[in-house]
Amino acid sequence: MTARVIDGKAFAARLRDRIADHAHAFEERAGRKAGLAVVLVGEDPASEVYVRSKARATVEAGMASFEFKLPADAAEAELLDRIAKLNADPAVDGILVQLPLPRHMNEDKVIAAIDPNKDVDGFHVVNAGRLAVGQHGFVPCTPLGCLMLLKDQLGSLEGLDAVVIGRSNIVGKPMAALLTRENATVTLAHSRTKDLPDVVRRADIVVAAVGRPGMVRGSWIKPGAIVLDVGINRVEGEGGKTRLVGDVAYDEAKEVAGAITPVPGGVGPMTIAVLLRNTVVSAYRREGLDLPKDAI
Ligand code: NDP
């Protein structure tokens, strides 16, 4: 059996079109555009690329993009002051501080300074708490994007066995919470898990978010399982060129799985699309307008 390849790029493009419609409708009703502010500290080239593509996608979706750059040696107080201004700015519905921050800044303190109701990345402890107890809040973009892909493939996740590999605050833990909310039976695996191949072999749904190229082998996959590969790893390919690979040994796993996301072009494109979704949802909430049904 060869797995269906889940085209995250096409799914994300359709989601972005829907978000653009909602952003347009929001502007007509509220008399202003939904707005996303992105703050970048320092000159990390990868972060600069992310920030630029987020800003471009925001504008393409018919929303306002506000970008702020602080030098790498900026004082933490300067960043906190910028966040306080954005918290108070009625034109800003979403605030994103690009991580990682320079070493002299405390990430927890910076994230805690963001108004939880503008925290479209879903990293604030208030939003993590809301997800844990089942209240409305913002859910981190990558796991929410994974959930959307899973529901598109499977419809209901009820009663399915899911294994999430990796327990970070931005991917693994919120992914496990979302799957639990959907009535899957969830195992959250990590570096101390015993007999990981056996644990993964039980799963109808596998989400790999580890950061180790090709760690999950084809022989670990239950035939017909759905495999989502969150990993983004740069490895040296032919001729010394770097290429991106996931955490799953794709060529092996696709011979066993029922469906699988490729890297690149699987989970990756979902992240920005969900960021736009969270921003437009924030805008509707902040203006007290009814949310579009398909934005949930
Ligand atoms: P972290 O480094 O924060 O977490 C990695 C997790 O993997 C940890 O929980 C760790 O366990 C676990 N782990 C490490 N080694 C093993 C092992 N041998 N067996 C089982 N578990 C192991 O990573 P992130 O969650 O931030 O990211 C994971 C991957 O996803 C990365 O490749 C990253 O680039 C990618 N990513 C992609 C995104 C996107 O598509 N847009 C967004 C975010 C991340 P322990 O807790 O025990 O140390």
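Numbers 9 to 304, taken from our numbering, label the letters of the sequence shown in order. Don't be surprised by glycine CBs; every beta carbon is placed ideally from N, CA and C.
Within the chosen limit of 7 Å, the ligand NDP reaches the beta carbon of residue 223 through at least one heavy atom. At least one heavy atom of the ligand NDP is found less than 7 Å from the C-beta of residue 150.
The continuous stretches of beta strand (DSSP E) do not include residue 180, which lies in the alpha helix (DSSP H) extending over residues 180-189. Considered as a whole, the stretch 207-295 harbours 213-216, 234-237, 241-244 and 250-253 as its complete beta strand (DSSP E) runs of no fewer than 3 residues, in chain order.
Per DSSP, residue 140 is one residue of the alpha helix (DSSP H) stretching across 133-141. If you draw a straight line from the Cα of residue 256 to the Cα of residue 166, it comes to about 25 Å. For residue 153, the enclosing alpha helix (DSSP H) covers residues 149-162. Beta-bridge pairing by DSSP links residue 73 to 44. A check of alpha carbon separations from residue 94 across 75, 51, 84 and 178 identifies 75 as the nearest. 8 Å or more divides the Cβ of residue 217 from the Cβ of residue 192. Taking C-beta atoms as the reference points, residue 226 and residue 239 fail to come closer than 8 Å.
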